[in-house]
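Student: Pasting in a structure now, in structure tokens, and then I'll have a few things to ask.
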Ligand SMILES: Cc1ncc(C[n+]2csc(CCOP(=O)(O)OP(=O)(O)O)c2C)c(N)n1
Ligand code: SF4
Ligand SMILES: [Mg+2]
């Protein structure tokens, strides 16, 4: 994208909403920004209706701040809490029918390669655990088998947050939820392990309690997807509303999980590691 | 009743930890020259994650 597209003609500039003017004056499009710069530039995520203390919204905020080229990125979403934040984001965005995200992303990526043969256009899927592990599992896996050069990011709150608390394939075994009164009957689906054997060149499991690791993972994943192959990031983003803990404990919950079953893990193929080292 | 985070600028050392814990965008501003953060109260939802993270106890959630 040319930054000219978002720059208003001078005569009309002061008619635009303050948020838009801020984006033009201090947005992340003109020079590279990252996690470390948060607080000093206008973020591309806009006000949204996520609950106070929502791990998912922290996850999407950290991802949005880590995009290497926001102006040349298309985010693909699907129903879930995440898309309430994403639809108001100042980046190219496409919503999809629930679960279809990786099929839509594959098509868009191929089309963008043809339309812009000399430029990188980053296609990033950013959706919930239900969207990937349940309804979209087949389309996600097949996009990896086909080696589609797309980055897939799961914001894993271990529940269907958006629809009031049904169990997801990523809920923990035994987890009781509003609409899972006897507790979930089987373990978390090992999507991270599947990514490693299904064609992903880079995969990271991380939590929102480690924002710098999230930032590095997002950057690496997007760069690797430009040249090498599919990439996957799974971020633990606890949901205070459905897991019923106070909203000021979200990071504590994530940190506890990090010490237990959600330890940081990075998987990278030799080809991807060599490629990143050359950059 | 609404709740928002307030910064005690005497205690804030500008470590920016709060900025990395806030789930909502464009709430915190970092002022490099004075090494302090400021909260946009219109955007704050009062969750208290910043206050839980602040090592200097410079942030508190208060009702407004
Ligand atoms: C085809 C279809 N089935 C069901 C729904 C209803 N629905 C919307 S969001 C959602 C669950 C989302 O869960 P998850 O992907 O974990 O995202 P979260 O809300 O937890 O962030 C469901 C079942 C839908 N929108 N479309
Ligand atoms: S229900 Fe949970 S995941 Fe959804 S916005 Fe609220 S805290 Fe976030
Ligand atoms: Mg979910």
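Residue numbers (the numbering used here), protein chains in the order written: chain A, 121 to 399; chain B, 17 to 80. Every residue gets a Cβ at the ideal spot worked out from N, C-alpha and C, and that includes glycine.
Answer yes or no: does any C-beta atom of chain A fall closer than 9 Å to that of residue 22/B?
Tutor: Output row for residue 22/B: interface = no.
Student: Residue 27/B to residue 266/A, Cα distance in whole Å?
Tutor: About 54 Å.
Student: Measure the alpha-carbon distance for residue 363/A versus residue 350/A and round it to whole angstroms.
Tutor: Going by the C-alpha atoms only, they are around 32 Å apart.
Student: Check whether the Cβ of residue 31/B lies closer than 9 Å to any Cβ atom in chain A.
Tutor: No - not a single Cβ of chain A is within 9 Å of the one on residue 31/B.
Student: Hey, would you say the C-beta of residue 394/A is under 8 Å away from at least one heavy atom of ligand 2?
Tutor: No, ligand 2 has no heavy atom inside 8 Å of this Cβ.
Student: Let me check one thing: in DSSP terms, what residues is residue 46/B bridge-paired to?
Tutor: 53/B.
Student: Identify every residue that forms a DSSP beta bridge with residue 131/A.
Tutor: DSSP output for residue 131/A lists no bridge partner at all.
Student: Could you tell me the distance, in whole angstroms, from the CA atom of residue 320/A to the CA atom of residue 308/A?
Tutor: Those two C-alpha atoms are separated by around 20 Å.
Student: Which chain B residues sit within Cβ distance under 9 Å of residue 371/A?
Tutor: Going along chain B in sequence order, the residues near residue 371/A (Cβ under 9 Å) are 37, 65, 68 and 69.
Student: For the segment 25-39 of chain B against the segment 175-187 of chain A, are there 3 or more C-beta pairs whose distance is under 8 Å?
Tutor: As far as the Cβ criterion goes, the segment 25-39 of chain B touches the segment 175-187 of chain A, which means the pair count is three or higher.
Student: Residues in its own chain within less than 7 Å of residue 303/A by CB, not counting five upstream and five downstream?
Tutor: Excluding sequence neighbours, residue 303/A sits near 294, 295 and 296.
Student: Which runs of the beta strand (DSSP E) at least 3 residues long sit entirely within the segment 268-324 of chain A? Give them in chain order.
Tutor: Counting only runs of 3 or more, we get 271-276.
Student: Name the chain B residues that come within less than 7 Å of residue 198/A, Cβ to Cβ?
Tutor: Per Cβ cutoff of 7 Å: no residues; residue 198/A is ~20 Å from chain B at best.
Student: Residues of chain A with CB under 9 Å from residue 85/B, in chain order?
Tutor: Residue 85/B lies beyond the stretch modelled for chain B, which goes from 17 to 80, so this question has no answer here.
Student: At least one CB of chain B closer than 9 Å to the CB of residue 182/A: is that the case?
Tutor: Residue 182/A counts as touching chain B.
Student: Alpha carbon to alpha carbon, how far is residue 220/A from residue 230/A?
Tutor: Roughly 16 Å separates the two Cα atoms.
Student: Pairing CB atoms from the segment 365-378 of chain A with CB atoms from the segment 203-217 of chain A, are three or more of them under 8 Å?
Tutor: With a cut-off of 8 Å, the segment 203-217 of chain A and the segment 365-378 of chain A do not count as touching, because too few Cβ pairs lie within range.
Student: Mind checking which residues open and close the beta strand (DSSP E) that includes residue 18/B?
Tutor: It is not in any beta strand (DSSP E) - residue 18/B carries neither H nor E in the DSSP assignment.
Student: Among the residues of its own chain, which have a CB less than 7 Å from the CB of residue 192/A, if the five just before and after it don't count?
Tutor: Cβ neighbours of residue 192/A beyond the five flanking positions: 121, 239, 240, 241 and 242.
Student: Listed by chain order, which residues have C-beta atoms less than 5 Å from any heavy atom of ligand 2?
Tutor: Result (chain order): 170/A, 171/A, 174/A, 176/A, 201/A, 277/A, 281/A, 359/A and 361/A.
Student: With a threshold of 9 Å between beta-carbons, can residue 61/B be considered close to chain A, or not?
Tutor: By this cut-off, residue 61/B is an interface position.
Student: List, in order along the chain, the chain B residues whose C-beta lies closer than 9 Å to that of residue 163/A?
Tutor: What residue 163/A touches in chain B: 41 and 42.
Student: Using the Cβ count rule (16 or more neighbours within 10 Å means buried), how would you classify residue 158/A?
Tutor: It is buried - the Cβ of residue 158/A has at least 16 other Cβ atoms within 10 Å.
Student: Taking 9 Å as the CB-CB limit, is residue 48/B close to chain A?
Tutor: It does; some Cβ of chain A falls within 9 Å.
Student: Measuring CA to CA, which of 262/A, 377/A, 189/A and 251/A is closest to residue 148/A?
Tutor: Comparing Cα positions, the closest option is 189/A.
Student: Is DSSP giving residue 374/A helix, strand or coil here?
Tutor: Correct three-state label for residue 374/A: helix.
Student: Looking at C-alpha atoms only, which residue of 275/A, 356/A, 246/A and 346/A is the closest neighbour of residue 391/A?
Tutor: Taking only the C-alpha atoms, the option nearest residue 391/A is 346/A.
Student: Any idea which residues DSSP pairs residue 256/A with across the strands?
Tutor: None, per the DSSP bridge assignment.
Student: Which of helix, strand or coil does DSSP assign to residue 58/B?
Tutor: In this structure, residue 58/B counts as coil in the three-state DSSP scheme.
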